[in-house]
Amino acid sequence: MEMNIGRLIPEFIMLGGAFVLLILEFFIPKGPRKWAGVFGICLSVVTAVVLSTQGYGSALSGLFIHDAISLYFKLLFLLVTALIFYMTILYEKNIENWRGEFYSLMLFCTVGFMFLASSSDFIGFYVSLELVAITLYILATFTREKSKSVEAGLKYIVTGALSSGFLLYGISFIYGTTGQTGFTEVAALVINNGGNGYLAIGLALTVLGLTFKVSGMPFHVWAPDIYEGSPTPITALLAAGSKAAGFVVIIRILLTALGSVRAEWLVLVSVISGASLIFGNLAAMPQKNIKRMIAYAGVGSAGYLFMAVAAASTLGTGALMYYLTTYVFAITGSFIALVIFYNSEGSYTIESLAGLARRSPLLAITIFIGFLSLAGVPPLGGFIAKFYIIAAAVQQGLWALAVIGVLMAVVAMYYFLIVIRSMYLRPAINTEKIRVDNYTRILLYGINAVTVLLGMYPGPLTDWVMAIADTLFV
Amino acid sequence: MIEQIFFYIFAIIAVVSAIAVVTSKSPIHSAIALIITLLQVAAIFILLRSPFLAAVQVFVYVGAVVVLFLFAVMLLDLGGEKIKEQFHQQTVLGVISSVGLFVVLLFMLSRGSLTAPTGGYTEAVLAKNTEVIGKVLFTKYIYPFEVVSLLLLVALVGAVVLVLNQKGKDGV
Chain U
1 MEMNIGRLIP EFIMLGGAFV LLILEFFIPK GPRKWAGVFG ICLSVVTAVV
51 LSTQGYGSAL SGLFIHDAIS LYFKLLFLLV TALIFYMTIL YEKNIENWRG
101 EFYSLMLFCT VGFMFLASSS DFIGFYVSLE LVAITLYILA TFTREKSKSV
151 EAGLKYIVTG ALSSGFLLYG ISFIYGTTGQ TGFTEVAALV INNGGNGYLA
201 IGLALTVLGL TFKVSGMPFH VWAPDIYEGS PTPITALLAA GSKAAGFVVI
251 IRILLTALGS VRAEWLVLVS VISGASLIFG NLAAMPQKNI KRMIAYAGVG
301 SAGYLFMAVA AASTLGTGAL MYYLTTYVFA ITGSFIALVI FYNSEGSYTI
351 ESLAGLARRS PLLAITIFIG FLSLAGVPPL GGFIAKFYII AAAVQQGLWA
401 LAVIGVLMAV VAMYYFLIVI RSMYLRPAIN TEKIRVDNYT RILLYGINAV
451 TVLLGMYPGP LTDWVMAIAD TLFV
Chain B
475 MIEQIFFYIF AIIAVVSAIA VVTSKSPIHS AIALIITLLQ VAAIFILLRS
525 PFLAAVQVFV YVGAVVVLFL FAVMLLDLGG EKIKEQFHQQ TVLGVISSVG
575 LFVVLLFMLS RGSLTAPTGG YTEAVLAKNT EVIGKVLFTK YIYPFEVVSL
625 LLLVALVGAV VLVLNQKGKD GV
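Protein chains in written order, with the working numbering: chain U, 1 to 474; chain B, 475 to 646.
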């Protein structure tokens with residue numbers, strides 16, 4: 001029963017920051033909180049530094065583990081948090097009845113993500129998931145004066161509760177057959193005894209419940225409304241953070257705990273993957289609002305990521321991590337650009353983007369690079385990621401999925417190109433230039449450079465993610 | 475033998491009051507019948523040597539959920555109104571699903587296949603299960619336990635933030 005509290009220092013730093021912001025809120029008059037955003041960014045950087053110096057191992061009697069995969073995902077979450085804090089600083093003034101708790105809740109959410117990445121037990125994983133879910137319910141309905149936001153929030157909570165029900169029911173079946181809740185203990189028992197009917201039921205319900213977090217097929221219904229209705233930084237957090245957090249758990253449960261009964265979940269995961277790919281991409285085509293379009297495209301992305309899980313190989317898992325990294329950069333880059341655009345224009349429709357290239361070349365090129373990376377166009381990071389995933393699927397003989405993946409990449413190209421056509425080829429309705437301040441300018445250049453670099457020079461990151469993925473399959 | 479007699483007493487009262495929950499016309503009578511049902515279930519838990527579950531049943535279901543419900547009913551003054559339409563359109567579906575559940579449970583019980591591995595705990599240890607749960611909660615499962623405390627804090631902050639938003643308009 002070793003405790004090793006020291007291994008939780010990164011989480012404690014983030015939690016401490018969240019409490020400090022929460023308490024300071026009592027003493028400071030209402031108003032903008034830009035410094036709180038800066039504080040959050042600094043906190044993420046400090047945590048990331050501390051995190052990288054931590055040794056691998058377990059803590060809290062083995063329920064909390066820190067290993068290569070949790071390190072990678074936690075760094076990714078901290079990166080997302082820092083970028084989203086920056087986005088919130090830009091967006092702050094658009095939130096009616098702005099309250100400083102927003103920043104504190106976002107820190108709690110990040111802590112939840114970090115706990116998720118480190119959970120090695122069904123109970124610990126479930127409570128961390130609920131911590132994230134409840135924080136996101138609150139953040140998503142923050143602008144509840146808008147009736148659309150309230151409607152979206154209700155939909156989100158009801159779907160969330162339903163999926164939690166599925167998840168818990170599934171976990172109870174897994175616990176019922178094995179008598180264990182730890183991932184490694186379950187894995188050991190399943191390897192020795194093989195699966196049975198109850199385990200298969202538990203497995204199916206757990207996977208279905210988890211599709212909620214990653215906006216995969218059966219539980220995706222909340223995504224378009226919530227993406228449209230919630231404050232834009234939270235949309236980005238849902239798109240980038242929630243998806244990564246969902247998949248780290250899926251990796252742990254399906255590949256670590258239940259990897260030996262792959263035959264039992266392969267069909268289900270493949271069906272979810274194929275259905276999400278087809279539905280997400282086709283439904284994204286007629287969308288007029290960019291946030292809704294990205295929501296449906298996100299359902300499609302969940303399809304690609306499930307394909308990588310179905311491959312259940314080093315290449316597949318490495319590709320999954322690569323995909324999520326490129327996804328984070330593409331999403332945060334284009335959302336920062338969209339927030340600046342919204343600040344001056346107050347609209348997210350594709351039509352309103354017309355002529356953006358002449359009004360602000362930087363914003364246009366950022367959205368251009370971000371969207372083409374999401375679509376998977378060759379010299380960009382998203383292409384390498386999709387390439388790895390489809391290669392992994394082919395390697396494991398999942399031909400049908402690979403074909404759907406390639407076809408849907410073409411469809412994705414179509415709807416992302418509509419936006420790009422609007423920005424570059426349509427005449428502007430309002431020709432006034434959009435000003436971008438210098439910090440944002442530097443940040444956007446940086447994000448664009450990373451997206452391009454991930455596509456042109458994928459070597460170092462590929463080596464890193466493949467080495468991590470290797471540790472899962474020994 | 476005595477245990478069985480008590481079991482049947484509790485079980486019969488539980489079933490009768492459960493029927494009263496759905497058949498009584500007044501919401502208050504329904505809620506009180508529900509409390510009686512849940513108390514009987516708690517008693518059955520004690521017969522099954524699970525004092526902890528029994529206590530939770532009383533605290534959470536009887537103490538918190540139903541009493542809260544009763545307060546809501548009384549404060550909103552729904553008590554006087556009789557429910558006119560007791561069985562709405564989903565009667566058929568409800569009957570089918572509850573009969574289905576009954577059949578499945580009967581089938582499983584008759585085959586004696588509703589068993590599960592108990593893990594590392596022997597009967598003797600489980601007899602003192604409140605103590606065991608307490609110890610395990612603060613040693614092995616301290617991590618989920620603490621995360622739950624964070625979760626409750628966040629939920630509380632969230633409730634306050636979302637409710638205060640509306641008053642923010644008046645400059646509070």
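Idealized CB from N, CA, C, for every residue including glycine.
- In the structure shown, U/Gly57 adopts extended strand secondary structure according to DSSP, grouped into three states.
- A Cβ-Cβ distance of about 6 Å is found for the pair U/Thr110 and U/Phe77, placing them in contact under the 8 Å criterion.
- Cβ neighbours of U/Leu107 within its own chain (closer than 8 Å, five residues either side excluded): Met14, Leu15, Gly17, Ala18, Leu21, Gly40, Leu43 and Thr81.
- The segment 405-421 of chain U makes contact with the segment 281-300 of chain U, as at least three CB pairs between them are under 8 Å.
- Counting C-beta pairs with one atom in each stretch, the segment 259-274 of chain U and the segment 282-292 of chain U have fewer than three that are closer than 8 Å, which means they do not touch.
- The beta-bridge partner set that DSSP reports for U/Ile65 consists of U/Ser58.
- For U/Asp121, DSSP records a beta bridge to U/Gly182.
- Looking at the backbone, the Cα of U/Arg99 and that of U/Leu90 are separated by about 15 Å.
- Counting only runs of 4 or more residues that sit fully inside the segment 158-213 of chain U, the alpha helix (DSSP H) segments are 183-193 and 197-210, in chain order.
- When Cβ pairs closer than 8 Å are counted between the two stretches, the segment 308-319 of chain U is seen not to touch the segment 50-65 of chain U, the count staying below three.
- In summary, the residues of the segment 51-65 of chain U whose CB is separated from some CB of chain B by less than 7 Å are Leu60, Ser61, Leu63 and Phe64, in the order they occur in the chain.
- Boundaries of the alpha helix (DSSP H) harbouring U/Glu25: Ile9 to Phe27, taken from the DSSP string.
- Taking 9 Å as the cut-off, the Cβ atoms of U/Ile23 and U/Leu136 do not count as close.
- Using a CB distance cut-off of 9 Å, B/Val635 counts as an interface residue toward chain U.
- In the three-state reduction of the DSSP assignment, U/Thr349 falls in the strand class.
- The CB of U/Gly124 comes closer than 9 Å to the CB of Tyr615, Tyr617, Pro618 and Val621 in chain B, given here in chain order.
- In this structure, the CA atom of U/Arg292 is about 48 Å from the CA atom of B/Val515.
- Residues of chain U with a Cβ closer than 7 Å to the Cβ of B/Ala629 are, in chain order, Ile134.
- In the three-state scheme derived from DSSP, where H, G and I count as helix and E and B as strand, U/Asn289 is classed as strand.
- The three-state reading of DSSP puts U/Arg262 in helix, counting H, G and I together.
- Residues of chain B whose Cβ lies closer than 7 Å to the Cβ of U/Val127 are, in chain order, Pro618, Val621, Val622 and Leu625.
- The alpha carbon of B/Ile607 has as its nearest neighbour, out of B/Arg585, B/Ala529 and B/Val536, the alpha carbon of B/Ala529.
- Burial is judged here by how many other beta carbons sit within 10 angstroms of a residue's own beta carbon; B/Ile479 has fewer than 16 and is exposed.
- By the Cβ neighbour-count rule, U/Met321 is buried, with 16 or more other Cβ atoms within 10 Å of its own.
- When 9 Å is used as the limit between beta carbons, U/Glu101 is near these residues of chain B: Val631, Gly632, Val634 and Val635, in chain order.
- Two segments are said to touch when three or more pairs of C-beta atoms, one from each, lie closer than 8 Å; by this definition the segment 119-133 of chain U touches the segment 174-186 of chain U.
- In the three-state DSSP reduction, B/Leu522 falls in the coil class, being neither helix nor strand.
- Approximately 6 Å separates the beta-carbon atoms of U/Leu105 and U/Leu139; this is inside 8 Å, confirming the contact.
- Taking CB atoms only, U/Tyr137 has a neighbour in chain B less than 9 Å away.
- Across the set U/Gly241, U/Ala244, U/Tyr56 and U/Leu189, the C-alpha of U/Leu189 shows the shortest separation from the C-alpha of U/Thr256.
- Straight through space, the alpha carbons of U/Leu324 and B/Ile483 are spaced by roughly 59 Å.
- Chain order gives the chain B residues near U/Thr141 as Leu636, where near means a beta carbon separation below 7 Å.
- Taking the Cα of U/Trp35 as reference, the smallest distance to any Cα among U/Tyr86, U/Ala302 and U/Gly259 is reached at U/Tyr86.
- Annotation: U/Phe416 has no Cβ neighbours in chain B at a cutoff of 8 Å; minimum Cβ distance is about 35 Å.
- Straight-line measurement puts the Cα of U/Ala275 at about 23 Å from the Cα of U/Ala152.
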